[in-house]
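K.L.:
In this text, residue positions in the sequence shown follow this note's numbering: the first is 103, and each later residue adds one. Virtual Cβ for every residue (Gly too), placed ideally from N, Cα, C. All of these numbers come straight from a predicted model, not from anything done at the bench. Take this structure, written in structure tokens, and hold onto it; I'll ask about it next.
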Amino acid sequence: MKPAILTLLIFLGLFAVFASASDAIHTEIRKSDRTWTVTYRTPVPTQQLAFKRNPDRSRADRWTSASAEYQIIHEHGTDLIRRVDGKSFSEVTFTLTSSYTALPKDYAPFSPFSDGGMLIHSGRFFACSGRCESGRNAWRISLIAPEQDSIIVDGTVARGSVEWLDSDNGRKVYVGPQLPDRDERFISIIDPELPEHFRGYLHRFLPLMMTEYAKFLNQPAGSPILFVSFDPAHQGSRGRQGGVLPNQIFMHWYGEDAGKGWDERSVLWFFAHELAHLFQGTSGQIEEREHAWIHEGAAEYMAGLAMKSLMPETTAWVDARFSGVEGPCLEGLKEHSLIEAAERNRHWLYYTCGLFIHDAIAREASQHGEAVSFFSIWSAFQKRVDSGEAASFDVFILSLRPYVSEQFIRNLQQLIASSGTDLEPYLKTLTAKRQSRSKT
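See the structure below:
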């Protein structure tokens, strides 16, 4: 039996157009037993390959060249592949470290499953001849794996090898023993080590969450794919990461103790946050990284609203979580402002302070009447972005203006730009509304 090949290049009929945009570089990712390699082939010799995504310098530590003639160097914020002698080349191979690694505001190239399966982030492998210039947005990728493994790309199962044309931020691709579980509303691949009651929990609430968000926001086209992986064999650290790509949601726990003390409410919040990003669509792709509090804080707030709607018994827990972020936000901004958080690699502030800000926005907007909800504001923002305006702070403020006072907007602008004692007057203004509302 010949290996199945998913030829999205031919199906889309765009290979000739896009191949020139990415210099027709062919990226081949290969799994042999438990060893992973990546090979880059160029149609004409080049003096260097440059990577599109460069959140840190970890490639140089985790990628080992098959030949001592090649090296990865980090130059001006970009990882580059070059020959040591400076000569041109047209093919290079690296052996990859396939354990999970946490990257700053980016997705790990590998997220292992407990049964030996693997979730791969294709965007980590995007490379260009010379430099990745603006406008280059197509990458030809092949993936080869043992016949016994399922290769799942966009919900389609293949064996042996698969090839596709990738773009934008890439996608998640699964390689391993599992087959997708298909429901009416979604497709899922869930780690077998995840406790059975959590598996049932996700299957129960995912369609309910989708229905809840669809009441207010545009529903994604197609059936979303949910990947849930658990890697208890991970050494040296523990934690979790979630994320969203078009029609894909992924949640990963890593470390021996990562699964201890799992609480249904926290797991559901985690999932609801990621699903909220899916429903945010292009409006959740904020262009300025210093304003990531907009989409991260909004996803936190949406998660809480959805949980209270679907599980009224969690209302007190959710409200306590809403009000509990003020202290950590204030503490985190003692030495720098919120818009400086990305520069200082303190991205967690986008979640805590973002939730605090969106809670304040919702309370302020409620003064306009019960018909105005947080979803009213985000829907207005979503419509602007879908019509061609930028997913930016300025457009978000324009969307906000009909629902809040000008004084509130000025306080908000000062809050995100202030630090230490300078932000306290604006913080108190926003918290005063919570206190006055709680007394009524």
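Identify, in the order they occur along the chain, each residue of the same chain with its Cβ nearer than 6 angstroms to the Cβ of D138, setting aside the five sequence neighbours on each side.
P.N.:
A small fix is needed here, since residue 138 is Trp in this sequence, not Asp. Hits under 6 angstroms: L198 and S200.
K.L.:
Is there contact here, the region 261-281 with the region 297-315, by at least three beta-carbon pairs under 8 angstroms?
P.N.:
The region 261-281 is not in contact with the region 297-315.
K.L.:
Whole-angstrom Cβ separation of F495 and H393, contact assumed at under 8 angstroms?
P.N.:
Indeed they touch by this definition, with Cβ atoms about 4 angstroms apart.
K.L.:
Under the rule that 16 or more other beta-carbon atoms within 10 Å means buried, what is L281, buried or exposed?
P.N.:
Result: exposed.
K.L.:
Are at least three pairs of beta-carbons, each pair with one atom in the region 318-331 and one in the region 280-296, less than 8 angstroms apart?
P.N.:
The region 318-331 is in contact with the region 280-296.
K.L.:
Taking 9 angstroms as the cut-off, decide whether the C-beta atoms of D208 and R226 are in contact.
P.N.:
Yes, these two residues count as a Cβ contact at 9 angstroms.
K.L.:
Let me know the secondary structure DSSP gives G345 once reduced to three states.
P.N.:
It is a strand residue.
K.L.:
Could you give the DSSP three-state label for K485: helix, strand or coil?
P.N.:
Three-state result, K485: helix.
K.L.:
Quick one: grab the DSSP three-state call for W395.
P.N.:
In the structure shown, W395 sits in a helix (DSSP, three-state: H, G or I).
K.L.:
Going by CA-CA distance only, name the one from S520, S231 and F352 that's closest to K154.
P.N.:
Nearest option by C-alpha distance: S231.
K.L.:
Would W480 and L377 be called neighbours here (beta carbons separated by less than 9 angstroms)?
P.N.:
Against a cut-off of 9 angstroms, the Cβ pair of L377 and W480 comes out as no contact.
K.L.:
Kindly identify the DSSP beta-bridge partner or partners of K274.
P.N.:
In DSSP, K274 forms a bridge with H223.
K.L.:
If you scan the region 249-312 from start to end, which runs of the beta strand (DSSP E) of 3 or more residues do you find wholly inside it?
P.N.:
Listed in chain order, they are 252-255, 258-260, 263-268, 274-278 and 289-292.
K.L.:
Buried or exposed: which applies to H397, given that a residue is buried once 16 or more other Cβ atoms fall within 10 Å of its Cβ?
P.N.:
Looking at its Cβ environment, which holds 16 or more other Cβ atoms inside 10 Å, H397 is buried.
K.L.:
Three Cβ pairs or more, each shorter than 8 angstroms: is that satisfied between the region 243-256 and the region 306-313?
P.N.:
The region 243-256 vs the region 306-313: no contact.
K.L.:
Is it buried or exposed, V186, if we count other Cβ atoms within 10 angstroms and call 16 or more buried?
P.N.:
By the neighbour-count rule (16 or more Cβ atoms within 10 Å), V186 is not buried but exposed.
K.L.:
What is the C-beta distance between L380 and F476, in whole angstroms, given that I count them as a contact (C-beta under 8 angstroms)?
P.N.:
Going by Cβ atoms, the distance from L380 to F476 rounds to 17 angstroms, so no, they are not a contact pair.
K.L.:
Taking all protein chains shown into account, do 16 or more other C-beta atoms lie within 10 angstroms of the C-beta of H336, making it buried, or fewer, making it exposed?
P.N.:
So H336 ends up on the buried side.
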